[in-house]
Amino acid sequence: MADSAPRLTTAFGNPVSDNQNSLTAGSRGPVLMQDYHLIEKMAHFNRERIPERVVHAKGYGAYGTFRLTKSLADYTRAKVLTEVGKAVPMVARFSTVGGESGSADTARDPRGFALKFYTDEGNWDLVGNNTPIFFVRDAIKFSDFIRTQKRDPRTHLKPHWRRWDFWSLSPEAIHQVMFLYSDRGTPKSARFMNGYGSHTFSFWNERGERHWVKFHFHTKQGIENFSAADADEIAGKDPDYSSADLHGAIERGEFPKWRVSVQLMPELDADTYPINPFDLTKVWPHADYPLIEIGEMELNRNPENYFAEIEQSAFEPSNVVPGIGFSPDKMLQNRILSYADAHRYRLGVNYHQIPVNQARNAQVQTYHRDGAMRTDGNHGAQVDYEPNSFGGPVQDPSFQEPPLRLKGDAARYGWPGDDADLYGQPREFWTKVLDDGGRKRLVENVVTSMGDSPRHIQERMIAHWYKVHQDFGRGVAAGLGIEPAKAAAE
Ligand code: NDP
Ligand code: HEM
Numbered sequence: 001m002a003d004s005a006p007r008l009t010t011a012f013g014n015p016v017s018d019n020q021n022s023l024t025a026g027s028r029g030p031v032l033m034q035d036y037h038l039i040e041k042m043a044h045f046n047r048e049r050i051p052e053r054v055v056h057a058k059g060y061g062a063y064g065t066f067r068l069t070k071s072l073a074d075y076t077r078a079k080v081l082t083e084v085g086k087a088v089p090m091v092a093r094f095s096t097v098g099g100e101s102g103s104a105d106t107a108r109d110p111r112g113f114a115l116k117f118y119t120d121e122g123n124w125d126l127v128g129n130n131t132p133i134f135f136v137r138d139a140i141k142f143s144d145f146i147r148t149q150k151r152d153p154r155t156h157l158k159p160h161w162r163r164w165d166f167w168s169l170s171p172e173a174i175h176q177v178m179f180l181y182s183d184r185g186t187p188k189s190a191r192f193m194n195g196y197g198s199h200t201f202s203f204w205n206e207r208g209e210r211h212w213v214k215f216h217f218h219t220k221q222g223i224e225n226f227s228a229a230d231a232d233e234i235a236g237k238d239p240d241y242s243s244a245d246l247h248g249a250i251e252r253g254e255f256p257k258w259r260v261s262v263q264l265m266p267e268l269d270a271d272t273y274p275i276n277p278f279d280l281t282k283v284w285p286h287a288d289y290p291l292i293e294i295g296e297m298e299l300n301r302n303p304e305n306y307f308a309e310i311e312q313s314a315f316e317p318s319n320v321v322p323g324i325g326f327s328p329d330k331m332l333q334n335r336i337l338s339y340a341d342a343h344r345y346r347l348g349v350n351y352h353q354i355p356v357n358q359a360r361n362a363q364v365q366t367y368h369r370d371g372a373m374r375t376d377g378n379h380g381a382q383v384d385y386e387p388n389s390f391g392g393p394v395q396d397p398s399f400q401e402p403p404l405r406l407k408g409d410a411a412r413y414g415w416p417g418d419d420a421d422l423y424g425q426p427r428e429f430w431t432k433v434l435d436d437g438g439r440k441r442l443v444e445n446v447v448t449s450m451g452d453s454p455r456h457i458q459e460r461m462i463a464h465w466y467k468v469h470q471d472f473g474r475g476v477a478a479g480l481g482i483e484p485a486k487a488a489a490e
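For the sequence shown, counting from 1, position 402 maps to 402 in the UniProt record's numbering; every step adds exactly one.
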């Protein structure tokens with residue numbers, strides 16, 4: 001043993017005398033069961049994998065800071081959004097959605113943009129994407145949608161007709177589908193993409209007033225995307241391209257930054273604004289609710305250990321701090337439940353003790369006890385029920401959120417509902433946001449992806465493209481060799 005090398009031990013600290021040769025009966029003999037080091041080594045290896053995330057399995061991340069430049073004290077009491085200049089530590093994880101943990105970073109897919117801010121008032125998580133909208137607007141459709149992005153139950157392959165079948169029957173998806181098949185569907189890496197909280201959240205202030213809010217993170221590196229051909233090629237040559245890009249930049253001291261902004265809507269506007277502000281398939285037009293710049297996020301430290309700090313990171317939209325609340329968004333409401341539920345399954349009931357998930361800047365005082373892999377002191381001798389007369393933690397009514405105004409009769413409000421305009425914003429995207437080149441590439445990417453779909457699915461989908469814009473419908477129909485009139489008539 002070299003003098004300077006640390007001594008190898010078992011998991012319980014017993015020195016290991018030989019890590020190269022099993023304990024055998026004779027040099028050619030069988031292995032003895034008493035080689036407890038060998039057995040521990042093999043047994044631990046067999047248990048090294050935990051379930052991958054059911055979605056967003058492939059990802060990478062880093063630590064950083066958020067610095068507020070403009071106080072939002074008029075709107076929220078959250079310290080993280082009122083203490084100007086304070087560096088709030090945070091961690092970010094970026095991901096693709098549909099692929100397995102080893103899949104290619106450059107796949108055409110939305111990118112997860114998950115943030116955890118370790119504030120003095122507890123952890124605040126914003127678990128968004130690189131798009132401000134989503135494919136469905138009711139969580140009851142989420143698992144069906146995700147299945148279309150995953151493997152076929154019979155063949156274990158990923159034919160694209162499954163997604164086009166679903167989307168053509170779920171037209172609320174077309175806005176996000178257009179984003180996905182546009183240039184921004186294949187970002188180079190997290191450094192070169194925007195992030196969005198996507199949902200409408202709410203702010204409430206000391207006076208009990210509520211505003212609706214959307215969060216935007218604009219890359220200061222500029223938007224950079226791969227062409228469809230380059231993304232495909234890199235997926236084969238360097239599937240971890242984007243993970244390496246962020247890691248390398250931070251190692252070189254090139255810390256990526258994002259400009260952080262909000263859109264704010266007075267509470268009562270929601271009753272009269274023509275767009276349902278809680279519909280996740282729609283944006284709030286900038287002209288109606290302009291962006292207000294509030295700060296900067298910088299990533300400046302790579303994790304020391306990927307599994308411990310990124311694979312075991314657990315983000316959950318239910319982590320909010322006083323002054324930030326939810327909204328009636330049907331998707332958000334379900335996500336408040338789904339994430340903690342998923343973490344309890346993937347990481348175990350005490351996942352909040354894993355260092356990356358700990359509320360490192362706020363004291364944690366709960367009556368939760370025990371559970372598998374409890375690794376802290378389990379609150380020692382402190383009383384474990386409430387109410388009690390022994391000084392246990394008590395609620396603090398000063399953190400009471402003002403009532404969330406809700407109205408309506410309990411029912412299942414389906415399509416067509418009060419969000420009937422499915423084509424207006426997609427049309428804006430086609431006509432106003434994309435230039436000629438962007439429109440051409442969107443058509444090409446859609447045509448390539450729809451190629452394996454049965455004709456009836458192609459025709460049903462093209463009918464939606466026609467409703468977005470004649471040129472879009474015509475372009476896809478021509479690319480797939482379909483008679484334009486027939487497709488439009490669907
Ligand atoms: P604006 O003209 O004010 O906004 C258009 C926005 O589109 C830009 O600010 C930019 O958002 C985004 N954008 C620009 N180029 C692309 C591209 N190639 N691919 C995807 N997004 C791009 O108009 P509106 O606010 O009225 O929105 C018009 C349409 O723009 C919407 O219907 C929606 O389809 C799309 N959009 C709107 C966003 C919003 O929050 N209002 C955000 C993103 C897209 P950013 O600065 O966030 O990159
Ligand atoms: C991950 C559920 C919609 C962004 C996950 C995970 C689940 C889930 C179960 C895996 C969590 C884990 O094991 O760690 C849902 C449900 C949704 C929904 C039920 C709809 C009702 C959305 C939307 C967005 C989003 C709309 C973005 C706006 C993410 C991100 C991750 C994720 C970024 C990865 C977080 C990480 O990096 O660990 N989602 N999701 N999801 N989801 Fe969703």
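Each residue gets a CB set at the ideal place from its N, CA and C atoms; glycine is no exception.
*So is Ile-39 buried or exposed if we call it buried at 16+ other beta carbons inside 10 Å?*
With fewer than 16 neighbouring CB atoms inside 10 Å of its own CB, Ile-39 falls in the exposed class.
*Between Asp-125, Phe-215, Phe-307, which lies nearest to Arg-259 when the distance is taken from Cα to Cα?*
Phe-215
*Can you tell me which of the three DSSP states Gln-458 falls into?*
helix
*Check the DSSP bridge columns for Pro-15 and list the partner residues they point to.*
Bridge partners of Pro-15: Thr-9.
_Opposing strand residues paired with Glu-52 [DSSP bridges]_ = Partner(s): none; Glu-52 has no beta bridge.
_I'd like the span of the beta strand (DSSP E) that includes Trp-204, first residue to last._
201–204
*Starting from the Cα of Lys-150, find the closest Cα among Pro-277, Ile-482, Ala-57, Met-450 and give me that residue.*
Ala-57
*Helix, strand or coil for Ala-298 per DSSP?*
Note that residue 298 is Glu in the sequence shown here, rather than Ala. Glu-298 falls in the strand class under three-state DSSP.
*asked:* Just to confirm, is the Cβ distance from Asn-130 to Arg-108 under 8 angstroms?
replied: With respect to Arg-108, Asn-130 sits apart: the two C-beta atoms are not nearer than 8 angstroms.
*Report the residue from Val-55, Ser-182, Asp-409 whose alpha carbon sits nearest the alpha carbon of residue 519.*
Outside the modelled stretch of the chain, which goes from 1 to 490, sits residue 519, for which no answer is possible.
*Reference His-160; option with closest CA among Ala-92, Val-283, Ile-457, Leu-32*: Checked all of Ala-92, Val-283, Ile-457, Leu-32; the closest Cα to His-160 is Ile-457.
*Count the other CB atoms within 10 Å of the CB of Ile-50; is the residue buried (16 or more) or exposed (fewer)?*
exposed
*Less than 7 angstroms between the CB of Gly-59 and some heavy atom of ligand 2, yes or no?*
yes
*Other residues of its chain near Asn-225: CB distance less than 7 angstroms, five sequence neighbours each side excluded*: Asp-183, Arg-184, Thr-186, Pro-187, Lys-188
_Local conformation of Thr-119 per DSSP, three classes_ = Correct three-state label for Thr-119: strand.
_Measuring only from the beta carbon, is Ser-389 closer than 7 angstroms to any heavy atom that is part of ligand 2?_
no
*Taking His-211 and Phe-203 to be in contact with their CB atoms under 8 angstroms, please state how far apart those CB atoms are, rounded to whole angstroms.*
5 angstroms
_Val-283 Cβ short of 7 angstroms to ligand 1 heavy atom set_ = yes
*asked:* Quick check: is any heavy atom of ligand 2 less than 7 angstroms from the C-beta of Arg-335?
replied: yes
*asked:* Give the list of continuous alpha helix (DSSP H) stretches no shorter than 4 residues that lie fully inside the region 371–441.
replied: 424–428
*Val-320 to Arg-460, Cα distance in whole Å?*
41 angstroms
*How would you call Arg-7, buried or exposed, if buried means at least 16 neighbouring beta carbons within 10 angstroms?*
exposed
_Per DSSP, the bridge partner or partners of His-218_ = Arg-259
_Can you tell me whether Ser-398 sits near ligand 1, meaning its C-beta is under 7 angstroms from at least one heavy atom of the ligand?_
no
_Let's test the definition: count the other Cβ atoms within 10 Å of the Cβ of Gln-176 and tell me whether it reaches 16, buried, or not, exposed._
buried
*Could you tell me which of Leu-422, Leu-268, Leu-68 sits nearest to Phe-134, measuring between CA atoms?*
Leu-422
_Sufficient close CB pairs (3 or more, under 8 angstroms) joining the region 280–293 to the region 235–255_ = no
_Cross-strand partners of Gly-128 (DSSP beta bridge)_ = Phe-113
*asked:* I'd like the list of long-range same chain contacts for Leu-180, defined as Cβ closer than 7 angstroms, with 5 residues on each side in sequence excluded.
replied: Arg-108, Pro-110
_Under 7 angstroms: does the beta carbon of Gln-176 sit that close to some heavy atom of ligand 1?_
no
*Between the region 189–202 and the region 308–327, are three or more C-beta pairs nearer than 8 angstroms?*
yes
*Given a cut-off of 8 angstroms, decide if Tyr-367 and Tyr-385 are closer than it, judged by their beta-carbon atoms.*
yes
*asked:* By alpha-carbon positions, which one of Asp-35, Glu-206, Ile-482 ends up nearest to Gln-20?
replied: Asp-35
*Any 3 or more C-beta pairs closer than 8 angstroms across the region 77–91 and the region 111–122*: In short, these stretches touch, since the Cβ pair count reaches three.
*asked:* Looking at Gly-128: is its Cβ nearer than 8 angstroms to the Cβ of Ser-198?
replied: A contact, by the Cβ cut-off of 8 angstroms.
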